[in-house]
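A.B. asks: In order, the protein sequence lines correspond to chains A and B.
Going left to right, the first sequence walks through residues 1 to 289 as our numbering numbers them.
Going left to right, the second sequence walks through residues 290 to 662 as our numbering numbers them.
Ideal Cβ placement from N, Cα and C applies to all residues, glycine included.
Sharing a structure here in C-alpha cells format.
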Amino acid sequence: MVDMKKFKQNAPAIPILVWFGILVGIPLIFVVILSFLSRDELGNIVVRFTLDNYKRIFDPIYIKVFINSLFLATLTSFITMIIGYPVAYFTANLEKKKKALAILLIMLPFWISSLLRTYGWIILLGNTGLVNNLLIGFNIIDKPLSMMYKFSTILTGTAYMLIPFMIIAIYNSVDKLDRSLLEASYDLGAGKWKTFFKITLPLTIPGIAGGFTLVFIPSLGLFFISDLLGGGKNIFLGNLINSLITKGRNKPLAAAFSVGMIIMVLIVLFIYSRLVKRNTGGADENSII
Amino acid sequence: MDKPLLSLTDVNKYFDDSHILKDISLDIHDGEFLTLLGPSGCGKTTMLRCIAGLESINSGDILLNGSSIKDLPPNKRNVNTVFQNYALFPHLNIYDNVAYGPRIKKSMNEADLKVRINEILELVQMTGYEERMTHQLSGGQRQRIAIARALINEPDILLLDEPLGALDLKLRRYMQTELASLQKQTKTTFVYVTHDQEEALNMSDRIVVLNKGVIQQVGSPREVYNNPSNLFVADFIGDRNIKKVKVIEKNGDYVRVMLKDNIIDIKCSTNATTKDCSDDYAILAIHTDKMSISCSEKPNSLMGTIISVHYSGSQIRSQVDLGGEKVAVIEYRSNDCDYKKGDKVYITWEESGAILLPMEEGFKERSGGYEEV
C-alpha cells in the first residue's frame, strides 16, 4: 500500500525529480547504451552489441590518460585545499560586513566566462605575456621564461578555476563552528594551535571533504583548460572524450570513457559520504550529498 | 576568615561603549558555593567569563591564591567552566571528552587517566556511557558530562554558567540537589551564575546579587531573602508588597510611618541605618507569604476589604484593599475564617516579614505578583 503521508511529504520533490530524470537520467541511459554499440568505417553508429569499447579502455595508452586525470584532479584538490583553508578560515573569522564583502570577492570570478579567464592566463604567462614583459623590462631576465604548455600551467589554471568551490565549502563549515567549543578547549588548557588541530580541524573535515569533492569532480572533465594552457601535450580524460567525439568520430568509445569517468566520480562521492558520516555520526545537515 | 581563594578588586569591563561591570570587588573563599544572581544583562555571565579568562578586564585586578591572573589566557588559569550549552566536543566520545583536559596538559598517563575517568563518571553517575557520542545523550546527561569534563582537572574554582537553564523544571530541581551535594563531596569552590532566585536560594552558601553591573548585596540566602539591602534586592528576591510610606517619627530602632491612613511602627532594614529611613518618605516592603488575614481584630492589625481570592490547592492568594492601598497576601492554610470577596478583614504580618528601605529614585509601587496581572 502507498503511504499517503509520506507521499504528500515528498510531493514537492517530484518536479525536480522529473527535471533530473529528463535532463540527466535519460541522456545517461543513452550514453550507457551507446557504450555497448559499434561503429562503421565512416563513424556511423551500428546497433550491434559489443564489449570492445570497454576492452579498449584498458589499453595502456588509455590507462595512462586515466592516471593523468586522476593525478591532476588529486593534485588540484590538494593545492586548492592548502591555499583555500587559510582563506576560508580567515574569512569566517571576519566581522559581519567584511565577511559579506570577502564572500562577494571570492564569488566574483564566476560572473566572468571561464573561457575568457583561461585566455587571461595565456596573456599573463605567454612568452610575450605580461609577466615576461615585466621581468624583461626590469632587466631581471634577458630571455622570456617558458611558462606555458606545461603540466604545471594546467594545474595552475585548473586550481585557479576551482578554488572558489573549496573556499566556500570550507568557509561554511568554519563559519557554523560553535565558538563555545573553542572556548571550552581553551578553558580545558589547550592553546590556539592545539585547539586548531584537536577541535577546529576535525570539526571542519566535512567542509574539506565537500570542497575536495566539488573540486575533484569537475577537474576530471575541464578539457578546455588543458587544451588552451597545455597545448594538447598532456591528454586528460576530458580532452580524450572531446576529441573522440569531434575528431575521432568514435562516439561509442567516447561513451565508454564517459561511463568510466562516472564510475570514478561515484567512487569519490562514496568515499566522501562515508567520511562525513563517520565524522559527524550522520548528524551533518550541511553535507552536500 | 582565612585568605580568599579568589579576589576581584575594582574590576571594570566595557563592551564598546557600554559599561558592563562597574567597580566589582568580591572575595571568594575556598570551598564555598557562591552564586551570582541577577536579571539578564546584569553582567553576571561577563563576570564569570572574566574569571575564566574568556574576557579581558579593562581595569582592576583578579587574584587567584594571591597572584594576579588577569593577564593569563584561559588555558593558563586553574579554573574550569561548565558552559551554558555544555559545549561538549561532538566529534569525540564521552571518554575522550572527559579525557581532553588531562591529555592536553599531559598531567597523567593513560592508565591513571582511565582510573580517574572511571571515578569521575561514577561521581556524576554516568558510568557505562564512555563509548557514547554526545548527540546520543539527553540534556541532563550532557550536563553531567560537562561537569565531569571540568572537574577532572581539579580546578581551584568551577565556574557554572546557568547550567540548568536548558532543562525542564523537574530535572532542574533534581539537578539542584545533585549539584549542591557534588559540591560538598568534591569540596571544590563553585561559582554559579543564574537568574533564578529559587536556584540561588536553594544551593548557595553565599549569594551575590548583581544589577546593571553593580553588586547590590552579598550574603547568605537567608540574609538576602529576609534582609535585602535595597529596593532592587527586595523586589528581585521573594514576592513582596512594596509601598511608599510617609515617615512620621523615629523611635529607637523603630520608625512610625503612614501607609495611606494607617499608622504602622516598623523596624528599619538591618542593612540600612535608621538615618536612611528618616527622610520624608521611605519604602515599606512586606513578604506576601508572611502576612495573614483574620476576620476579627487583632493587636497591630490593619483593616481592609477583600478584593479577590484565588484558591490553588497549597496556597490561597488574596488581594486586599487597605483604605486605598492594594496589597497581596499569600496564605498556606485557611485561617480562623473563610473570607470571600467584599468581606471586611484584618491584616497582620510577622515582624521579620516587613522592612523599611530608604527611598530611591525611579520607585514604582507594586503589590506582590499581582501587579502585572
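1. Under the three-state reduction of DSSP, which class applies to A/ILE140: helix, strand or coil?
2. Looking only at C-alpha atoms, which of A/LEU214, A/TYR171, A/TYR54, A/MET107 sits nearest to A/ASN93?
3. In angstroms, rounded to a whole number, what distance separates the CA positions of A/PRO109 and A/ILE262?
4. Compare the C-beta of A/LYS97 against all C-beta atoms of chain B and say whether one is closer than 8 Å.
5. Is there a Cβ from chain A that is less than 8 Å from the Cβ of B/PHE378?
6. What residue does the alpha helix (DSSP H) around A/ILE123 start on, and which one ends it?
7. B/THR478 and B/ILE446 - do their beta-carbons sit closer together than 8 Å?
8. Could you tell me how far apart the beta carbons of A/PRO164 and A/ILE235 are, in whole angstroms, since I believe they sit closer than 8 Å?
9. In the region 148-201 of chain A, which residue ranges form an unbroken alpha helix (DSSP H) of at least 4 residues, counting only runs that do not cross its ends?
10. Check the Cβ of A/PRO202 against every Cβ in chain B and list those closer than 8 Å, keeping chain order.
11. Are the CB atoms of B/LEU295 and B/VAL507 within a distance shorter than 8 Å?
12. Does B/ILE393 come within less than 8 Å of chain A when only Cβ atoms are used?
13. Given a cut-off of 8 Å, decide if B/ILE572 and B/LEU490 are closer than it, judged by their beta-carbon atoms.
14. Any contact between the region 349-356 of chain B and the region 297-305 of chain B? By contact I mean 3 or more CB pairs, one from each, below 8 Å.
15. So, B/CYS584 versus B/TYR628, is the Cβ gap smaller than 8 Å?
16. Answer yes if the region 431-444 of chain B comes into contact with the region 366-384 of chain B, meaning at least three C-beta pairs across the two stretches below 8 Å, and no otherwise.
17. What distance in whole Å lies between the Cβ atoms of B/ALA469 and B/GLY428, which are believed to be in contact at a cut-off of 8 Å?
18. Could you name the residues of the same chain whose beta carbon sits closer than 7 Å to that of B/MET422, not counting the 5 residues immediately before and after it, in chain order?
19. Give a yes or no on contact between the region 205-214 of chain A and the region 141-152 of chain A, applying the rule of three or more CB pairs nearer than 8 Å.
20. Run down chain A in chain order and give the residues with a C-beta less than 8 Å from the C-beta of B/TYR543.
21. Taking Cβ to Cβ, would you say B/ARG366 is nearer than 8 Å to B/GLY390?
22. Should A/ARG179 be labelled buried (16 or more other beta-carbon atoms within 10 Å of its own) or exposed?
23. Using a cut-off of 7 Å between C-beta atoms, extract the partners of B/LEU456 located in chain A.
24. Can the beta-carbon of B/LEU449 be found less than 8 Å from the beta-carbon of B/VAL371?
25. Quick one: is B/LEU490 near chain A, going by C-beta distance under 8 Å?
26. From this set, B/GLN465, B/GLU399, B/GLN373, which residue's C-alpha is nearest B/ARG431's C-alpha?
27. Does A/PHE189 get closer than 8 Å to chain B when you measure Cβ to Cβ?
28. Between B/PHE372 and chain A, is there a C-beta pair that is closer than 8 Å?
29. To which residues of the same chain is A/TYR272 closer than 6 Å at the C-beta, ignoring the five residues directly before and after it?
30. Please return the same chain residues whose Cβ sits closer than 7 Å to the Cβ of A/ILE245, not counting the five positions on each side in sequence.
31. The beta strand (DSSP E) with B/ARG529 in it runs from where to where?
32. Under a Cβ-count criterion, where at least 16 other Cβ atoms within 10 Å of its own Cβ denotes burial, should A/VAL215 be classed as buried or exposed?
33. In angstroms, rounded to a whole number, what distance separates the CA positions of A/ALA283 and A/SER38?
34. Consult DSSP for B/HIS576 and reduce its assignment to one of helix, strand or coil.
35. Using a Cβ-Cβ cutoff of less than 8 Å, which residues in the same chain neighbour A/THR76 once the five nearest sequence positions on both sides are dropped?
36. Using a cut-off of 7 Å between C-beta atoms, extract the partners of B/ALA341 located in chain A.
C.D. replies: Quick look at the numbers:
1. Numbered from its first residue, the first sequence carries residue 140 of chain A at position 140. Note: A/ILE140 maps to coil in three-state DSSP.
2. Residue numbering aside, residue 93 of chain A sits at position 93 when the first sequence is read from its first letter. Closest by alpha carbon: A/TYR171.
3. Start at 1 with the first residue of the first sequence, and residue 109 of chain A comes out as number 109. Start at 1 with the first residue of the first sequence, and residue 262 of chain A comes out as number 262. So the alpha carbons of these two residues sit roughly 27 Å apart.
4. Sequence index remark: in the first sequence, residue 97 of chain A carries index 97 (1-based). At least 8 Å separates the CB of A/LYS97 from every CB of chain B.
5. As a working mapping, residue 378 of chain B is identified with position 89 in the second sequence. At least one chain A Cβ lies under 8 Å of B/PHE378.
6. In the first sequence, the residue the question calls residue 123 of chain A occupies position 123. 114-125 is the span of the alpha helix (DSSP H), which, as asked, contains A/ILE123.
7. Locating residue 446 of chain B in the second sequence gives position 157, counting from the first residue. Locating residue 478 of chain B in the second sequence gives position 189, counting from the first residue. Contact: yes.
8. The sequence position of residue 164 of chain A within the first sequence is 164, counting from 1. The sequence position of residue 235 of chain A within the first sequence is 235, counting from 1. A/PRO164 to A/ILE235, Cβ: 27 Å. No contact.
9. 151-175, 179-187, 192-195
10. As a first step, residue 202 of chain A must be located in the first sequence, where it is residue number 202. Within chain B, the residues near A/PRO202 are HIS380.
11. Residue 507 of chain B sits at position 218 when you count from the first residue of the second sequence. Residue 295 of chain B sits at position 6 when you count from the first residue of the second sequence. It is not a contact, given that the beta carbons lie outside the stated cut-off.
12. For the purposes of this step, residue 393 of chain B is identified with residue 104 of the second sequence, where counting begins at 1. Using a Cβ-Cβ cut-off of 8 Å, B/ILE393 counts as an interface residue toward chain A, since at least one Cβ of chain A sits closer than that to its own.
13. If you number the second sequence from 1, residue 490 of chain B lands on position 201. If you number the second sequence from 1, residue 572 of chain B lands on position 283. No, the pair does not count as a contact, with Cβ atoms beyond the cut-off.
14. yes
15. Taking the first residue of the second sequence as 1, we reach residue 584 of chain B at position 295. Taking the first residue of the second sequence as 1, we reach residue 628 of chain B at position 339. Contact flag set, yes.
16. yes
17. Counting from one through the second sequence, the residue named residue 428 of chain B turns up at place 139. Counting from one through the second sequence, the residue named residue 469 of chain B turns up at place 180. At roughly 19 Å, the Cβ-Cβ gap does not stay under 8 Å, so B/GLY428 and B/ALA469 are not in contact.
18. Taking the second sequence and counting its residues from 1, the one referred to as residue 422 of chain B is at position 133. Taken in chain order, the residues that qualify are ASN382.
19. no
20. In the second sequence, the residue the question calls residue 543 of chain B occupies position 254. Chain A residues near B/TYR543: none, gap ~52 Å exceeds 8 Å.
21. For the purposes of this step, residue 366 of chain B is taken as the residue at position 77 of the second sequence. For the purposes of this step, residue 390 of chain B is taken as the residue at position 101 of the second sequence. No; because the gap between Cβ atoms is not below 8 Å, this pair is not in contact.
22. Position 179 of the first sequence holds residue 179 of chain A. A/ARG179 is exposed by the Cβ-count criterion.
23. Taking the second sequence and counting its residues from 1, one reaches residue 456 of chain B at position 167. Ordered by position in chain A, no residue passes the 7 Å Cβ test against B/LEU456, which lies about 18 Å from the chain.
24. For the purposes of this step, residue 449 of chain B is taken as residue 160 along the second sequence, with counting starting at 1. For the purposes of this step, residue 371 of chain B is taken as residue 82 along the second sequence, with counting starting at 1. Cβ atoms of B/LEU449 and B/VAL371: closer than 8 Å.
25. What you label residue 490 of chain B is simply residue 201 of the second sequence in a count that begins at 1. B/LEU490 does not count as touching chain A.
26. Counted from its first residue, the second sequence places residue 431 of chain B at position 142. B/ARG431 has its Cα closest to that of B/GLN373, out of B/GLN465, B/GLU399, B/GLN373.
27. Taking the first sequence and counting its residues from 1, one reaches residue 189 of chain A at position 189. Residue 189 of chain A is actually Gly in this sequence, not Phe. For A/GLY189, a Cβ of chain B is located within less than 8 Å of the residue's own Cβ.
28. If you number the second sequence from 1, residue 372 of chain B lands on position 83. Yes, B/PHE372 counts as interfacial toward chain A.
29. Stepping through the first sequence from its first residue, residue 272 of chain A is reached at position 272. Same-chain partners within the cutoff: ALA209, THR213.
30. The sequence position of residue 245 of chain A within the first sequence is 245, counting from 1. So the qualifying residues of the chain are LYS251, ALA254.
31. Here residue 529 of chain B refers to the residue found at position 240 of the second sequence. Where B/ARG529 is concerned, the enclosing beta strand (DSSP E) stretches over 529-540.
32. Taking the first residue of the first sequence as position 1, residue 215 of chain A is located at position 215. With 16 or more other Cβ atoms within 10 Å, it is buried.
33. In the first sequence, the residue the question calls residue 283 of chain A occupies position 283. In the first sequence, the residue the question calls residue 38 of chain A occupies position 38. Low local confidence applies: a pLDDT of 48 at A/ALA283 is under 50, so the model's placement there is unreliable, and no value is given.
34. As a working note, residue 576 of chain B is residue 287 in the second sequence. When DSSP states are grouped into helix, strand and coil, B/HIS576 belongs to the strand group.
35. Here residue 76 of chain A refers to the residue found at position 76 of the first sequence. Only LEU155, THR158, ALA159, LEU162, VAL215, PHE216, SER219 meet the Cβ criterion.
36. Numbered from its first residue, the second sequence carries residue 341 of chain B at position 52. Under the 7 Å cutoff, chain A gives ASP187.
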